Amino acid sequence: MRAFAPACPGFRKVVLATNIAETSVTIPGIKYVIDTGVVKAHFYNPNKGLEPLIVVPISKAQALERS
Numbered sequence: 034m035r036a037f038a039p040a041c042p043g044f045r046k047v048v049l050a051t052n053i054a055e056t057s058v059t060i061p062g063i064k065y066v067i068d069t070g071v072v073k074a075h076f077y078n079p080n081k082g083l084e085p086l087i088v089v090p091i092s093k094a095q096a097l098e099r100s
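34 is the number of the first residue of the sequence shown in this note's numbering; add one for each residue after it.
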């Protein structure tokens, strides 16, 4: 929960955006957000019977929601 703590005097708080930016969470003191434009998504692999998280580009709708 350090994201919600105030930044030390003389320092800036930096946030690398994830899908948390698509929620209604507001972090005080944030002026700029760096968005990587990717998300970890579940994809089912029928050959292995697994559902790993794979990094993929975000959709246009997700980008609009993050802004």
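The beta-carbon is built from N, C-alpha and C at its ideal position, and this holds for glycine as well. Just so we're clear, the structure is a prediction, and the values are computed from it rather than from any experiment.
Check: Which partner residues of A74 appear in the DSSP bridge assignment?
Finding: I87
Check: In terms of DSSP beta bridges, what is L97 paired with?
Finding: In the DSSP output, where bridge partners are listed per residue, L97 has none listed.
Next item on the list: Please name the residue, chosen from A96, K73, K46 and E98, that lies closest to K64 on a Cα-to-Cα basis.
Entry: K46
Checklist line | Residues near I67 in its chain [Cβ-Cβ closer than 8 angstroms; skip 5 each side] | finding: V47, V48, L49 and A50
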